[in-house]
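As structure tokens, the structure follows; a few thoughts come after it.
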Amino acid sequence: MSVRVVLADDHPLFRDGIASLLRARGFEIVGEANNGREALELIRRTHPDLVLMDIHMPELDGLATTRILTSEMPEVRVVILTVSDDDNDVFEAIKSGAQGYLLKNSDTRAFFDLIEGAARGETPLSGRLASRILREFAKHMNRETVEMSNEDALSEREKEVLTLAAEGLTNREIAARVNLSENTIKYHFKNILEKLHLRNRAQAVVFAVQSGLLKPKD
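When we follow my numbering, the leftmost residue of the sequence shown carries the number 269, and every step to the right adds one.
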């Protein structure tokens, strides 16, 4: 079954180009939106698997739209796709519930590898942004949340899986590393999120840094 995608961006030419490239790779484009309000209406109607969301759009920006979607439809994966590599935008996007953050000037091959990873529930981050996001969350993540999200609640296997994810490995790569099936890795992540009271894999990876399971690189 193909992955169903909604594109939300206020530049029609860019949307058309991305839509064509995604269709060529087997994705189904179920709709396009010019702003956040249109995106919300479209997503509520079509229930896509994945949303590619720009930040700076008229009427309702991508961050506000993502916060609403995370609350209403947490099963829909949102990936921010933007020209902005501003630290505050990156930080706010992940805090708002986005599953990932990609730059529009990313290498084409790497970009589609990351999008396909997002469709599998992984956390796509443009390479040079990943360590910045981890450092930013390590500085600012709410301490009360960390105290409530006790890493001791995790099994040793879950800690291992989370640490490998924080190092940038995909589910498939983690499965190969620990000699388990990919479905088992997905099951571990489901348990990790439930135990830590977190919303998505990106926040779980950040928790790995905040709790000391992994140190962010400079």
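Glycine included, each C-beta is placed from N, C-alpha and C at the ideal position.
Item: Per-residue burial, Pro280 [other beta carbons within 10 Å of its own, 16 or more giving buried]; Value: exposed
Item: Helix, strand or coil at Glu412 [DSSP, three-state]; Value: Bear in mind that a pLDDT of 43 at Glu412, under 50, signals an unreliable position, so the model cannot answer this.
Item: Terminal residues of the beta strand (DSSP E) in which Ala366 lies; Value: First-last for Ala366: undefined, no H or E at that position.
Item: Length of the line joining the Cα atoms of Thr431 and Pro316; Value: 30 angstroms
Item: Secondary structure of Thr391, DSSP reduced to three states; Value: coil
Item: Distance, Arg469 Cα to Leu448 Cα; Value: 19 angstroms
Item: Integer-rounded CB distance, given that Asn303 should sit under 8 angstroms from Glu327; Value: 4 angstroms
Item: Proximal residues to Glu426 (C-beta, below 8 angstroms), its chain only, five neighbours per side dropped; Value: His456, Asn459, Ile460, Lys463
Item: Cβ-Cβ distance between Val274 and Gly294 below 8 angstroms; Value: no
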